[in-house]
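Peer 1:
Number of protein chains: 2
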Amino acid sequence: MNIGDAAELSGLPAKTIRYYEDIGLVRPERGGNGYRDFSKRDAHKLAFLGRARSLGFSIEECRTLLSLYEDRSRASADVKEIAEQHRDRITRKIAELEAMRSTLQTLISDCHGDDRPDCPILDDLSGAETVIE
Amino acid sequence: MNIGDAAELSGLPAKTIRYYEDIGLVRPERGGNGYRDFSKRDAHKLAFLGRARSLGFSIEECRTLLSLYEDRSRASADVKEIAEQHRDRITRKIAELEAMRSTLQTLISDCHGDDRPDCPILDDLSGAETVIE
DNA sequence: TGGAGGGTTCCAGACGCGGGAAGGTTCTTG
DNA sequence: CAAGAACCTTCCCGCGTCTGGAACCCTCCA
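Here's what the structure looks like:
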């Protein structure tokens, strides 16, 4: 099938699929006209990649997951470890974002938000000591 | 002061400071030797930028915040709106990451993680229907 | 026959820097 | 006063993951 069909089947944009070929994640055949010719297996791999990416795995993790997927003698422990590391990274990222949000929320709550210039948000960013209320 | 001192005062790497000059966030003077010459005001702006960045504001938001900071006739409402939009973006990002983490955790829990190849994580990524337990 | 709607390659850009090369300047040490 | 360490400069490349666009080729249908 052509790249358009592979895109529709896998849910990935054609541009992304070409990129994935560039970096060696898929290796479709080529027809006599130079067009890529994707097998069902290729389309399936692309869909696999799409799902893994949507769970936030990096391209390199996807590459590893894909090779494990195609390795009949894999150990599920290897897959699990990748997933756990990724989960832990997500957990840390969430904590970081929540710290930001918390600080932001405090500043936002302190800002009256009218047409006067006084602004605790800017005060904080400018390094002013916390104002005594 | 030289860039090294500005870096130490602001907590930003010299590389970052040069980049900020490139994109017009700061405009230090130049000495006769071609070295940048930062005023205290410049260093203060850099520290402002560092704090805003650490709260996750984009460079363009930082640019706006900085111009509001330097605008004596600003309305605090303008600052607050930027902060609120940013907070909302963070909130959405957290929700997205939590959805990923939740899915990952389910898959991880279902994976026995030994040296056998059966793996619900790969099954899920490959698009297999949920297995009846 | 002509045009719409595929496909191809290649280059640039996005974000926010970091690394490193090649070279000039200034400070410190002996 | 000379040597060398420790600064500073500019420039270009690379990171990750695509996305947009230009210029061009191929196929199908009316």
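Chains Y and X are the protein sequences, given in the same order.
Residue numbers for the first sequence, in the working numbering: -11 to 121.
Residue numbers for the second sequence, in the working numbering: -11 to 121.
Every residue, glycine too, gets a C-beta built ideally from N, C-alpha and C.
In this text, all values refer to a predicted model and were calculated from it rather than measured experimentally.
Taking only beta-carbon atoms, is Y:Met(-11) less than 8 Å away from chain X?
Peer 2: So, not an interface residue.
Peer 1: Which partner residues of Y:Leu62 appear in the DSSP bridge assignment?
Peer 2: Residue identity differs from the one stated: residue 62 of chain Y is Arg in this sequence, not Leu. Its beta-bridge partners do not exist; DSSP assigns none.
Peer 1: For the segment 89 to 105 of chain X against the segment -3 to 6 of chain X, are there 3 or more C-beta pairs whose distance is under 8 Å?
Peer 2: No contact exists between the segment 89 to 105 of chain X and the segment -3 to 6 of chain X.
Peer 1: So the candidates are Y:Leu56, Y:Arg60 and Y:Arg80; which of them puts its Cα closest to the Cα of Y:Ile70?
Peer 2: Looking at the Cα atoms, Y:Leu56 is the closest of the given residues.
Peer 1: To the nearest angstrom, how far is the alpha carbon of X:Ile5 from that of Y:Arg80?
Peer 2: Each residue's alpha carbon lies about 28 Å from the other.
Peer 1: Please tell me whether X:Val67 has its Cβ less than 8 Å away from any Cβ of chain Y.
Peer 2: Yes, X:Val67 counts as interfacial toward chain Y.
Peer 1: With 16 other CB atoms within 10 Å as the buried threshold, where does Y:Tyr8 fall?
Peer 2: Buried, by the Cβ-count rule.
Peer 1: Mark Y:Ser61 as exposed unless 16 or more other C-beta atoms lie within 10 angstroms of its C-beta, in which case mark it buried.
Peer 2: Y:Ser61 comes out exposed.
Peer 1: Determine the direct distance from the alpha carbon of X:Gly12 to that of X:Glu49, and round the result to whole angstroms.
Peer 2: Roughly 13 Å separates the two Cα atoms.
Peer 1: Going by the CB atoms, is the gap between Y:Cys107 and X:Ser42 shorter than 8 Å?
Peer 2: Against a cut-off of 8 Å, the Cβ pair of Y:Cys107 and X:Ser42 comes out as no contact.
Peer 1: Cβ closer than 9 Å: which chain X residues qualify as neighbours of Y:Leu92?
Peer 2: Within chain X, the residues near Y:Leu92 are Leu43, Gly44, Ala71, Glu72, His74, Arg75 and Ile78.
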